[in-house]
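Right, one structure below, let's go through it.
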Amino acid sequence: MTPAGKPRNALAGGIAQIGACGLFLLSILAAVPASLRHIRETVRQVWFVGAMSLTIIMTCGLFVGMVLGLQLYYVLSIFGGTAALGTVVSLALYRELGPVVTALLFAGRAGTSITAEIGLMRATDQLSAMEMMAVDPLAYVVTPRFLAGVIAMPLLACVFNALGIFGAHLVGVAWLGLDNGTFWSNMTSSVDVWKDVINGLWKSVAFGAVITLIATFQGYTTPPTSEGVAYATTRTVVFSSIVVLALDFVMTAFLM
Amino acid sequence: MSQKHSYQFGTGLFILLGFAALAWLATQTTSIANYRQGDSYTLNARFSNVGQLKLGAPVKIAGVRIGSVRTIEVDPAKLDAKVQLSIATRYAELPDDSAAAIFTSGLLGDQYVAIQPGGSPDALKDGDEFVLTQSSVQLEDLIGKFLAAGGPEKPAEPATPAATPTP
Numbered sequence: 033m034t035p036a037g038k039p040r041n042a043l044a045g046g047i048a049q050i051g052a053c054g055l056f057l058l059s060i061l062a063a064v065p066a067s068l069r070h071i072r073e074t075v076r077q078v079w080f081v082g083a084m085s086l087t088i089i090m091t092c093g094l095f096v097g098m099v100l101g102l103q104l105y106y107v108l109s110i111f112g113g114t115a116a117l118g119t120v121v122s123l124a125l126y127r128e129l130g131p132v133v134t135a136l137l138f139a140g141r142a143g144t145s146i147t148a149e150i151g152l153m154r155a156t157d158q159l160s161a162m163e164m165m166a167v168d169p170l171a172y173v174v175t176p177r178f179l180a181g182v183i184a185m186p187l188l189a190c191v192f193n194a195l196g197i198f199g200a201h202l203v204g205v206a207w208l209g210l211d212n213g214t215f216w217s218n219m220t221s222s223v224d225v226w227k228d229v230i231n232g233l234w235k236s237v238a239f240g241a242v243i244t245l246i247a248t249f250q251g252y253t254t255p256p257t258s259e260g261v262a263y264a265t266t267r268t269v270v271f272s273s274i275v276v277l278a279l280d281f282v283m284t285a286f287l288m
Numbered sequence: 095m096s097q098k099h100s101y102q103f104g105t106g107l108f109i110l111l112g113f114a115a116l117a118w119l120a121t122q123t124t125s126i127a128n129y130r131q132g133d134s135y136t137l138n139a140r141f142s143n144v145g146q147l148k149l150g151a152p153v154k155i156a157g158v159r160i161g162s163v164r165t166i167e168v169d170p171a172k173l174d175a176k177v178q179l180s181i182a183t184r185y186a187e188l189p190d191d192s193a194a195a196i197f198t199s200g201l202l203g204d205q206y207v208a209i210q211p212g213g214s215p216d217a218l219k220d221g222d223e224f225v226l227t228q229s230s231v232q233l234e235d236l237i238g239k240f241l242a243a244g245g246p247e248k249p250a251e252p253a254t255p256a257a258t259p260t261p
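First to last, the protein sequences are chains A and B. Start counting the first sequence at 33; every next residue gets the next number (my numbering). Start counting the second sequence at 95; every next residue gets the next number (my numbering).
Written out as structure tokens, the structure is:
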């Protein structure tokens, strides 16, 4: 899976990396049927990348919602429009902040551990040992993690959104004295389930696929040294963050 | 074996939690929450201009939501907008001389239909029409009226042709 030949310069090396990553995605997709035989491994990975990330996702969702409530209340009070707080917070969370912040947290919490785990497997020749035992590491190690990321990300984003709205409600209604009925009724009259909630979920599905693709690719192709694994883990976070934010712009333009 | 079951149980809980959050978001915080209402009856109102009124916009009495806008269509005979309002049956005691008006909630808010109750002892029934309606106020009309009323009084008017240089 390492790029063939010595890259002539940084640009050619980068393009070769992107090409190798694309081919890696194809081989993951090709290994999906074989990985269904190891469905328990996928379930274990959903637990590991999803359920274990709940604490950080819930805490951050609560605080993001609270700070949104506080900041937007201040801005809206300038225009005398504090009644729109529920609408603005929920739209901001569903359309943008829920998927993106969850993806960045997911890259830091789950992406790094995937890269480090697969990288250490590579460094300690466990992947070669599997191949020798006629177990395809793509089907047994990589694809379950990829599927788990695609399954877990939208669920995590939903939990993040729910906690965010709870946090905004806490600040807006319980603390700043906004009317409870106004908060909810303005939200329900402006938020559309398909255009806002479901479009946000499509984003998080794509982010989950991209982050786990980058994380598994970096782990799988890491130089088999401790320094190489450390470097691969760093690159997972950097590349995932850049790709998530760039993809977010493209998807927003398409899903508008 | 117990280790395996503990993570399977945890994964199941996580997936259930995620879908519960999705269900809550989709049904309680979106426009779907407004469709979930009990029995309702229909009243009609005619407006010469509905402005930015949308389907599903709230119908309110004294600021409290009692129903929603079901349809908006042009009457081909009278060439005005016929709006069907779906009102919850709980509020069946609207006096038949009540008035319907289209207002905007706040400076930036959406438009809604406000019902100003009258004093008649008889109530509006299913399919009845409001006698008194007030259309949406158009900002362009207001500005036009303001300019038409304020234009001639400007003292600076005669000074401007003199100031322009003649070629």
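All C-beta atoms, glycine included, are put in the ideal place defined by N, C-alpha and C.
Are residue i and residue j close, meaning C-beta to C-beta below 7 Å?
i       : j       : result
R177(A) : T244(A) : yes
Y135(B) : T183(B) : yes
I209(B) : S230(B) : no
G181(A) : G232(A) : no
S28(A)  : P65(A)  : The first residue shown for chain A is 33 and the last is 288, placing residue 28(A) beyond what the model contains.
G196(A) : L125(A) : yes
I181(B) : I155(B) : no
F224(B) : A139(B) : yes
V203(A) : L104(A) : no
A184(A) : S272(A) : no
T227(B) : F141(B) : yes
S162(B) : G150(B) : yes
Q102(B) : V173(A) : no
A200(A) : L100(A) : yes
T175(A) : A52(A)  : no
Determine the extent of the beta strand (DSSP E) in which residue i is found, giving its start and end residues.
i       : result
V133(A) : Where V133(A) is concerned, there is no enclosing beta strand (DSSP E), although the alpha helix (DSSP H) it sits in stretches over G130 to F138.
I196(B) : A193 to T198
G161(B) : V158 to V168
F141(B) : S134 to F141
Q228(B) : L226 to Q228
A116(A) : Neither: A116(A) is in no beta strand (DSSP E) and is coded neither H nor E.
Y206(B) : Q205 to Q210
Report buried or exposed for residue i, applying the criterion of at least 16 other Cβ atoms within 10 angstroms of its Cβ.
i       : result
V158(B) : exposed
G238(B) : exposed
T220(A) : buried
N143(B) : exposed
Y206(B) : buried
M95(B)  : Note that M95(B) scores a pLDDT of 47, beneath 50, so its modelled location is shaky and nothing firm can be said.
E251(B) : With a pLDDT of 49 at E251(B), under the threshold of 50, the modelled position of this residue cannot be trusted, and the question is left open.
V242(A) : buried
I146(A) : buried
P215(B) : exposed
Go ahead and pull the three-state DSSP assignment for residue i.
i       : result
P152(B) : strand
A182(B) : strand
K235(A) : helix
V282(A) : helix
E234(B) : helix
K239(B) : helix
S272(A) : helix
K217(B) : Per the sequence shown, the amino acid found at residue 217(B) is Ala instead of Lys. The answer is strand: DSSP assigns A217(B) an E or B state.
E223(B) : strand
G260(A) : helix
P169(A) : helix
P65(A)  : helix
V144(B) : coil
A171(B) : coil
Does any heavy atom of the ligand MN sit closer than 6 Å to the C-beta of residue i?
i       : result
G151(A) : The ligand MN is not among the ligands present in this structure, which contains no ligands whatsoever.
The alpha helix (DSSP H) that contains residue i, what's its start and end?
i       : result
W216(A) : N212 to S222
T74(A)  : I71 to Q77
G54(A)  : A42 to A62
E149(A) : T144 to A155
V229(A) : No alpha helix (DSSP H) contains V229(A), which DSSP labels as neither H nor E.
M98(A)  : L86 to I110
M162(A) : Q158 to M164
G181(A) : T175 to H201
Counting only Cβ pairs nearer than 8 Å, list the residues of chain D close to residue i.
i       : result
A115(B) : The structure shown has no chain D; the protein chains it does contain are A and B.
| Given 8 Å, three or more beta-carbon pairs between the segment 133-152 of chain A and the segment 240-257 of chain A | yes
| query | How about the segment 218-233 of chain A and the segment 119-126 of chain B: do they share at least three Cβ pairs that are nearer than 8 Å? | reply | yes
| request: Taking 8 Å as the threshold, find out whether the segment 109-117 of chain A comes into contact with the segment 201-219 of chain A through three or more Cβ pairs. | output: yes
| query | Should the segment 77-89 of chain A be regarded as contacting the segment 268-285 of chain A, the criterion being three or more beta carbon pairs within less than 8 Å? | reply | no
| query | Is there contact here, the segment 187-196 of chain A with the segment 100-114 of chain B, by at least three beta-carbon pairs under 8 Å? | reply | yes
| request: Would you check if there are 3 or more beta carbon pairs closer than 8 Å linking the segment 90-102 of chain A to the segment 159-173 of chain A? | output: no
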